[in-house]
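Numbering (the numbering used here), first residue to last: 6 to 220. Virtual Cβ for every residue (Gly too), placed ideally from N, Cα, C.
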Ligand SMILES: [Fe+2]
Ligand SMILES: [Fe+2]
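Structure below.
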């Protein structure tokens with residue numbers, strides 16, 4: 006996804022852009038700036054292993070939809086142009102991840118979560134609220150999100166079938182990008198989030214990932 010320069014966008018444009026990103030992410034393959042990592046492959050020959058790989062990639066796709074929704078929601082209520090730009094840059098890169106996960110689901114003969122529009126809308130709302138708490142908290146929220154996603158991806162790398170090199174290549178590149186997003190959020194002034202916020206975020210993520218594996 007390529008977002009427009011926010012300086013030329015009116016509030017209505019921003020809302021339309023939000024809806025457009027959500028619809029593209031949920032129902033189509035969004036455009037990506039970078040090619041999908043790894044070499045195209047059908048995935049594990051064993052159907053149950055292939056289904057498992059697809060379940061994990063569906064969770065990752067839903068996670069990327071949520072990350073994009075969060076950051077665009079946060080950008081909507083960000084106070085400073087620099088924070089807004091950082092959030093939009095991160096949302097753009099999550100768009101690449103979204104496209105890669107979409108490609109992999111296609112190759113595995115599967116589909117994204119049917120509840121993607123719900124994950125997106127909920128994430129935009131949570132992101133907009135986080136943005137209202139001020140830029141330092143909002144950037145801290147971004148750093149915590151990325152930290153949790155990174156841990157989540159590490160778990161997926163351990164659970165992925167050994168003969169799924171393509172999914173592994175995608176997840177490894179995503180993991181490197183998420184680490185960079187987290188560092189960027191802290192460097193931009195993100196403050197650590199007090200408990201119970203991180204715990205609540207983990208709980209919300211668990212509901213989404215537990216559901217998206219199947220639906
Ligand atoms: Fe991502
Ligand atoms: Fe990220």
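Under the three-pair Cβ rule at 8 Å, the region 158-172 counts as touching the region 40-49. Taking C-alpha positions only, residue 121 is separated from residue 158 by approximately 19 Å. DSSP places residue 106 in the uninterrupted alpha helix (DSSP H) bounded by 86-112.
Closest in alpha carbon position to residue 170, among 113, 96, 94, is 113. Within 10 angstroms of the beta-carbon of residue 44 lie fewer than 16 other beta-carbons, which makes it exposed.
Residues of the same chain with a CB within less than 7 Å of the CB of residue 213, apart from the 5 flanking positions on each side, are 67, 71, 124 in chain order. With respect to residue 195, residue 145 sits close: the two C-beta atoms are nearer than 7 Å. Remark: the C-beta of residue 107 is outside contact range of ligand 1, defined as less than 6 Å to any heavy atom. Residue 209: member of the alpha helix (DSSP H) spanning 202-217, first to last residue. One thing to note: residue 218 has its Cβ within 7 Å of the Cβ of residue 60. When distances are taken from the beta-carbon of residue 36 to the heavy atoms of ligand 1, even the shortest one reaches 6 Å or more. At a Cβ-Cβ threshold of 7 Å, residue 183 and residue 149 do not count as neighbours. Sorting 173, 84, 89, 109 by C-alpha distance to the C-alpha of residue 139 places 84 at the top. Sorting 133, 106, 188 by C-alpha distance to the C-alpha of residue 80 places 133 at the top.
Of the heavy atoms belonging to ligand 2, none sits nearer than 6 Å to the Cβ of residue 149.
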